[in-house]
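Below you'll find the structure, written out as structure tokens, and then a few comments.
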Amino acid sequence: MTTSEQIATEPTAATEEQLEQEGDVAADFLEGLLDIADIDGDLALDVRAGRAYVSVEAEDASALSTLSHPDTVQALQELTRLAVQNATGRFSRLILDIGGSRDARQRQLETLVDRAIQRLEEGASQASLPAMSSYERKLVHDIAAARGYASESFGEGADRHTVLRRG
30 MTTSEQIATE
40 PTAATEEQLE
50 QEGDVAADFL
60 EGLLDIADID
70 GDLALDVRAG
80 RAYVSVEAED
90 ASALSTLSHP
100 DTVQALQELT
110 RLAVQNATGR
120 FSRLILDIGG
130 SRDARQRQLE
140 TLVDRAIQRL
150 EEGASQASLP
160 AMSSYERKLV
170 HDIAAARGYA
180 SESFGEGADR
190 HTVLRRG
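Its first residue numbered 30, the sequence shown is counted upward by one per residue in the working numbering.
Below, the structure is given as structure tokens:
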């Protein structure tokens, strides 16, 4: 592939206005889903680090309990991204949080990294983590770096995972 072909196939960075539009489209889509499921939820939109973030919160946290499971959040995020892409014609890297699921997942990833570091401290040359999404791998890379360890992603598609080594 030539450089010009590569540039033509790579998504360009979205502007702040485009990211706000993504958030609006996502919010409309999610409001429709919440209405169908008869779930009360409040939506908050934000733009951070070149991504649209959409959060769904509820006064009664139990109202979102079934939606806040990590696999469900991931599936809803993909559906929402597809709805945004369909409406805007652009690739979307939107992040969806339901009932604080992202913070909970961040804590789980920190625990995974700490266990991997413990294996390294006990003499392992490297420690592999389970396969996860690109967003989660990015979080793992950040956590590992903050703790002074090196990390690298390996594998393809759904099997892509992170390996930690001493820094």
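Note that beta-carbon positions come from the ideal geometry of N, C-alpha and C, so glycine has one too.
| field | Expected contact under 8 Å - CB spacing of V192 and S157 to nearest Å | value | Between S157 and V192 the Cβ distance is about 5 Å, and since that is below 8 Å, they are a contact.
| query | Helix, strand or coil: which one does DSSP assign to M110? | reply | Note that residue 110 corresponds to Arg in the displayed sequence, not to Met. Shown here, R110 sits in a helix according to DSSP, grouped into three states.
| Cβ neighbour criterion (16 or more within 10 Å) applied to A92 | A92 comes out buried.
| task | Compute the Euclidean distance between the alpha carbons of Q147 and V54, then round it to the nearest angstrom. | result | Roughly 43 Å separates the two Cα atoms.
| said: Helix, strand or coil for L141? Go by DSSP, reduced to three states. | reply: If DSSP states are grouped into helix, strand and coil, L141 belongs with the helices.
| DSSP-derived helix/strand/coil call for S33 | Note that S33 has pLDDT 41, beneath the 50 cutoff, so the model's placement of it is unreliable and the number below is only indicative. Here S33 sits in helix by DSSP.
| said: Quick check: the Cα distance between T173 and D188, rounded to an integer number of angstroms? | reply: Going by the sequence as given, residue 173 is Ala instead of Thr. C-alpha separation (whole angstroms): 20 Å.
| D26 in three-state terms, based on DSSP | Any answer about residue 26 is impossible in this case: the structure gives the chain only from 30 up to 196.
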